[in-house]
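What follows is one structure encoded as structure tokens, with my remarks underneath.
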Amino acid sequence: MTEGTPEYAWSFAFGSNLHPDRRGARTDHAPLEVTPGRLAGWRLAFNMPALHLIEPSMASAQPAPGQTLHGLLLRLTPEGFASLLRSEGGDRFYEAVAVDVDAYDGRRVRAYVLRGHPRLCVDREIPPSRRYMQLIREGARRSGLDPDYCAWLESLPHAERSPLAAEIGRLYWESVLFLRKTSRGGALERYVDLLHRCEYTDPPALGHVAQAALLAPAIALGAALRLRRRLT
């Protein structure tokens with residue numbers, strides 16, 4: 293039997309949302325239930341260019357006959373599901389696709405999986421940063437995903453970033469997580485969308501310069517937040 297009622301919605305997490313700390317930082321709506329599962333005919337892909345200076349790519353679920361995507365089923369209130377979608381950029385970056393997921397406990401659950409928007413996906417894999425990949429690997433282990441799948445995640449390549457790029461990334465994410473808790477009117481979503489649009493500017497060098505300029509306020513905010521913590 294397929295589970296699901298209007299009182300709640302299931303989301304199938306497969307990327308950084310596998311990690312409980314990451315989920316907690318993105319939304320105030322804790323899942324009503326969390327259970328591991330597998331989605332036949334889909335795969336984990338890193339074919340969505342992200343921010344050149346910070347994060348090379350983002351994870352996406354992609355149809356793939358004969359393959360299986362493991363992840364975590366999250367039962368959410370309608371408000372929690374909407375909050376989760378907003379934290380992923382709404383419909384700017386992903387499409388929520390209804391699928392049937394086989395939970396490890398034997399249930400079949402009707403859930404939504406996030407597929408990268410076709411206009412943003414490329415026809416090649418782009419290794420993500422070590423930071424992003426480690427969130428997924430650790431999240432998979434802590435979620436109790438299949439050991440063979442966890443071992444496969446460990447075998448995937450990741451991009452090595454310079455210490456400066458890694459620090460810029462940490463400051464950026466610190467500011468984003470702070471603004472996600474406090475911003476109103478979708479300003480943060482529009483800002484992130486603009487940053488990502490720079491990746492598709494022609495010539496690419498112009499987009500990278502524009503992206504660096506746009507990142508400056510977020511990096512400054514992240515540094516200020518870190519300094520405030522150290523002084524209090």
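Its first residue numbered 293, the sequence shown is counted upward by one per residue in the working numbering.
Virtual Cβ for every residue (Gly too), placed ideally from N, Cα, C.
Notebook entry, point to check: Which value, in whole angstroms, describes the spacing of the CA atoms of Pro525 and Val468?
Noted result: Outside the shown range of the chain, which is 293 to 524, sits residue 525, and nothing can be said about it.
Next item on the list: Would you kindly report the start and end of the unbroken alpha helix (DSSP H) that includes Leu486?
Entry: Ala479 to Arg489
Item checked: C-alpha distance - Gly341 paired with Ala512, whole-angstrom precision -> Note on residue identity: the sequence assigns Pro, not Gly, to residue 341. Looking at the two C-alpha atoms, the distance is approximately 24 Å.
Note to self: With DSSP as the reference, identify every bridge partner of Met350, one or two as the case may be.
What the structure shows: Met340
Margin query: Output needed for Ala515: all residues of its chain with C-beta closer than 8 Å, excluding positions within five of it in sequence on either side, in chain order.
Written below: Leu463
Next item on the list: Please state whether DSSP places Pro420 in a helix, a strand or coil.
Entry: coil
Next item on the list: For Tyr424, I'd like the list of residues in its chain whose CB is within less than 7 Å of its CB, leaving aside the five on either flank, ordered along the chain.
Entry: Ser308 and Glu347
Checklist line | Glu452, buried or exposed, once every other Cβ within 10 Å from all chains shown has been counted against 16 | finding: exposed
Note to self: Is the separation between the beta-carbon of Leu361 and that of Pro323 shorter than 9 Å?
What the structure shows: no
Next item on the list: Note down, in chain order, each residue of its chain lying with its Cβ closer than 6 Å to the Cβ of Gly363, except the 5 sequence neighbours on either side.
Entry: Phe304, Ala305 and Phe306
Notebook entry, point to check: Rounded to the nearest angstrom, how far is the Cβ of Ala356 from that of Arg335, given a contact under 8 Å?
Noted result: 4 Å
Checklist line | Under the three-state DSSP convention, the category Ala543 falls into | finding: Residue 543 falls outside the range modelled here, since the chain spans only 293 to 524, and no answer is possible.
Notebook entry, point to check: What is the DSSP secondary structure of Phe373, counted as helix, strand or coil?
Noted result: helix
Margin query: Buried or exposed, going by whether 16 or more other CB atoms sit within 10 Å of the CB of Pro449?
Written below: exposed
Check: DSSP puts Arg326 in a beta bridge; with which residues?
Finding: A small fix is needed here, since residue 326 is Val in this sequence, not Arg. Note: Val326 sits in a beta bridge opposite Leu366.
Check: Who are the Cβ neighbours of Val414 in its own chain at under 7 Å, not counting the five residues just before and after it?
Finding: Asn339 and Pro341
Check: Pairing CB atoms from the stretch 324 to 331 with CB atoms from the stretch 389 to 409, are three or more of them under 8 Å?
Finding: yes
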